[in-house]
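Peer 1:
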Amino acid sequence: MPEIEIEAMMTKFFQDTSALPPETIRYLPTIIKFIGKKVGQTGSRANHHPKSIHLLDFYRSQLVNGNKQDAGNDKQTRSWSSYRSAKELKTVGIHFLPSRTQSYKDISFQSNLFTGTLRLPPLTVDDSTKSKLLNMVAYETCPDAPDDFSVTSYICLMDDLIDQAEDVVELRSKGVLLNLLGSDQQVADLFNEIGNDLVPNPTAYSEVREQIQGHYKNRLNVWIAQFCHTHFSSPWTIFGLFAAIFVIALAFTQTYFTVFPRKSDAAPPSASPH
1 MPEIEIEAMM TKFFQDTSAL PPETIRYLPT IIKFIGKKVG QTGSRANHHP KSIHLLDFYR
61 SQLVNGNKQD AGNDKQTRSW SSYRSAKELK TVGIHFLPSR TQSYKDISFQ SNLFTGTLRL
121 PPLTVDDSTK SKLLNMVAYE TCPDAPDDFS VTSYICLMDD LIDQAEDVVE LRSKGVLLNL
181 LGSDQQVADL FNEIGNDLVP NPTAYSEVRE QIQGHYKNRL NVWIAQFCHT HFSSPWTIFG
241 LFAAIFVIAL AFTQTYFTVF PRKSDAAPPS ASPH
């Protein structure tokens, strides 16, 4: 008798639970909105990706959305070529500006007359940046993760651009980095440590690399940029340059009038004897 009662109770339990409608995820819109704000996407741009299997996958997908700088021509991008540091790029006339989005793929290079502009996604560096980047790098090594290594390639790019605190200063002054860690050296150490031993996608940012290399190969661009950086990088160098030009012009003028005196200043001719 008790066995029959237990069986009846279990049957009724399964019937009741199977009749319940599937529970909706009530907090999903809030999570999407929160992560969207973290990556600079609000409104309709921060949408749920049905293929995301967990929060880390969704967070990564928001940071690498878009189709800029996807895999390029394999013949031209067989190996990853390191970039110069931000300070070195500045000396050859390449300036930095923040991209319009925070997507790690939103990286572009624009060549001007004698200079170039490298646009990078703005990044806020705080106490959670290191753990978030490391978790996404670890996820990209999993078998079920996307095989484009977008976050890993982005970290390698930033590691190339940032060698010392001076590089962080340059990127921070242009609005590319927002440093909430304290010192600029901490930001440099963070990327140098994370980027150590990482292997990026060799086809990532191929077009940007080729454009930067093309700027380097143009000796006229590099010479003009280095001249301007040396003589016009600060008010004191500009003042010194104009002072030197003034002194040279004054010396040239004095030499000219010494060799070719004016007629009024020349000695009068001696009177001929009668």
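Note that this note's numbering numbers the sequence shown so that position 36 is 36, with each residue one more than the last. By construction, the Cβ of each residue, glycine as well, lies at the ideal position given by its N, Cα and C atoms.
1) Would V176 and V64 qualify as a contact pair, given that the criterion is a beta-carbon distance under 8 angstroms?
2) Which of the three DSSP states is assigned to Q254 in this structure?
3) With DSSP run on the structure shown, which of helix, strand or coil describes Q110?
4) To the nearest angstrom, report how far apart N218 and F109 are at their CA atoms.
5) Per DSSP, what kind of secondary structure is R119 in: helix, strand or coil?
6) Whose CA, out of K105, D148, D106, S82, lies closest to the CA of R209?
7) Are T129 and L55 touching if we call contact CB-CB under 8 angstroms?
8) Entirely within the region 180 to 209 and at least 4 residues each: give me those alpha helix (DSSP H) ranges in chain order.
9) Please report how far the alpha carbon of C142 lies from the alpha carbon of V199, in whole angstroms.
10) Taking only the alpha-carbon atoms, compute the straight-line gap between D147 and E140 and give it to the nearest angstrom.
11) On the three-state DSSP scale, how would you describe P261?
12) I'd like to check one pair, D144 with G195: are the Cβ atoms closer than 8 angstroms?
13) Can you give me the start and stop residues for the alpha helix (DSSP H) that F58 sits inside?
14) How many Å lie between R172 and R84 at the Cα?
15) Could you tell me the boundaries of the beta strand (DSSP E) in which I162 lies?
16) State buried or exposed for P122, treating a residue as buried only when at least 16 other CB atoms are found within 10 Å of its CB.
17) Tell me, which residues are paired with I94 by DSSP?
18) Quick one, are the C-beta atoms of F96 and L118 less than 8 angstroms apart?
19) Figure out for me which residue from R60, G214, L250 has the closest Cα to the Cα of T115.
20) May I have the straight-line CA-CA distance separating F260 from F252, to the nearest angstrom?
21) How many angstroms separate the CA atom of V168 from the CA atom of T258?
22) With C-beta atoms as the reference, is L178 less than 8 angstroms away from V125?
23) Between which two residues does the alpha helix (DSSP H) containing V137 stretch?
24) So for V125, helix, strand or coil by DSSP?
25) Considering only the beta carbon of each residue, do Y205 and L157 sit closer than 8 angstroms?
26) Considering only DSSP beta bridges, list what L177 is partnered with.
27) Would S131 and N201 qualify as a contact pair, given that the criterion is a beta-carbon distance under 8 angstroms?
28) What residues in its chain sit with their C-beta under 8 angstroms from that of Q254, if we drop five residues either side in the sequence?
29) Measure from the alpha carbon of T203 to the alpha carbon of each residue in K105, V92, K87, R60, then state which is nearest.
Peer 2: Answer, in terms of the structure:
1) Residue 176 sits at position 176 when you count from the first residue of the sequence shown. Residue 64 sits at position 64 when you count from the first residue of the sequence shown. Between V176 and V64, the C-beta spacing is not below 8 angstroms.
2) Indexing the sequence shown from 1 puts residue 254 at position 254. In the structure shown, the three-state DSSP call for Q254 is helix.
3) In the sequence shown, the residue the question calls residue 110 occupies position 110. Three-state DSSP puts Q110 in a strand.
4) Translated into positions along the sequence shown, residue 218 becomes position 218. Translated into positions along the sequence shown, residue 109 becomes position 109. N218 and F109 have their C-alpha atoms spaced approximately 15 angstroms apart.
5) To locate residue 119, count along the sequence shown from 1; it is residue 119. In this structure, R119 counts as strand in the three-state DSSP scheme.
6) Stepping through the sequence shown from its first residue, residue 209 is reached at position 209. Selected option, being the one with the closest Cα: S82.
7) Counting from one through the sequence shown, the residue named residue 129 turns up at place 129. Counting from one through the sequence shown, the residue named residue 55 turns up at place 55. By the CB criterion at 8 angstroms, T129 and L55 fall outside the cutoff.
8) List check, alpha helix (DSSP H) in window: 184 to 194.
9) Within the sequence shown, the letter at position 142 stands for residue 142. Within the sequence shown, the letter at position 199 stands for residue 199. One C-alpha to the other measures close to 14 angstroms.
10) Taking the sequence shown and counting its residues from 1, the one referred to as residue 147 is at position 147. Taking the sequence shown and counting its residues from 1, the one referred to as residue 140 is at position 140. Rounded to whole angstroms, the separation of the alpha carbons of E140 and D147 is 7 angstroms.
11) Taking the sequence shown and counting its residues from 1, one reaches residue 261 at position 261. Coil at P261, not helix or strand.
12) What you label residue 195 is simply residue 195 of the sequence shown in a count that begins at 1. What you label residue 144 is simply residue 144 of the sequence shown in a count that begins at 1. D144 sits away from G195, with the two beta carbons spaced by 8 angstroms or more.
13) Locating residue 58 in the sequence shown gives position 58, where the first residue counts as 1. Looking at the DSSP string, the run of the alpha helix (DSSP H) that includes F58 is 55 to 63.
14) In the sequence shown, the residue the question calls residue 172 occupies position 172. In the sequence shown, the residue the question calls residue 84 occupies position 84. If I take the Cα positions, the gap works out to 17 angstroms.
15) Taking the sequence shown and counting its residues from 1, the one referred to as residue 162 is at position 162. Boundaries for I162: no beta strand (DSSP E) harbours it, and the DSSP string shows neither H nor E there.
16) In the sequence shown, residue 122 corresponds to position 122, counting from 1. So P122 counts as buried.
17) Here residue 94 corresponds to residue number 94 of the sequence shown, with the count starting at 1. In the DSSP output, where bridge partners are listed per residue, I94 has G116.
18) Start at 1 with the first residue of the sequence shown, and residue 96 comes out as number 96. Start at 1 with the first residue of the sequence shown, and residue 118 comes out as number 118. Here F96 is near L118, since their CB atoms are less than 8 angstroms apart.
19) The count along the sequence shown starts at 1 and reaches residue 115 at position 115. Nearest of R60, G214, L250 to T115, Cα basis: G214.
20) For the purposes of this step, residue 260 is taken as residue 260 along the sequence shown, with counting starting at 1. For the purposes of this step, residue 252 is taken as residue 252 along the sequence shown, with counting starting at 1. Cα-Cα distance, rounded: 12 angstroms.
21) For the purposes of this step, residue 168 is taken as the residue at position 168 of the sequence shown. For the purposes of this step, residue 258 is taken as the residue at position 258 of the sequence shown. Cα atoms of V168 and T258: separation of roughly 54 angstroms, rounded to the nearest angstrom.
22) Numbered from 1 along the sequence shown, position 178 holds the residue referred to as residue 178. Numbered from 1 along the sequence shown, position 125 holds the residue referred to as residue 125. Yes. Within cutoff.
23) Indexing the sequence shown from 1 puts residue 137 at position 137. For V137, the enclosing alpha helix (DSSP H) begins and ends at 129 to 140.
24) As a first step, residue 125 is located in the sequence shown; it is residue number 125 there, counting from the start. Residue state, collapsed to three classes: strand.
25) Residue mapping note: residue 205 aligns to position 205 of the sequence shown, counting from 1. Residue mapping note: residue 157 aligns to position 157 of the sequence shown, counting from 1. Yes, they are a contact pair.
26) To locate residue 177, count along the sequence shown from 1; it is residue 177. Note: L177 is bridge-paired with L123 in the DSSP secondary-structure output.
27) Locating residue 131 in the sequence shown gives position 131, where the first residue counts as 1. Locating residue 201 in the sequence shown gives position 201, where the first residue counts as 1. It is not a contact, given that the beta carbons lie outside the stated cut-off.
28) Reading the sequence shown from its first residue, position 254 is the one you call residue 254. Cβ within range, chain order: n/a, list empty.
29) The residue given as residue 203 occupies position 203 in the sequence shown. With distances taken between CA atoms, T203 lies nearest to K105 out of K105, V92, K87, R60.
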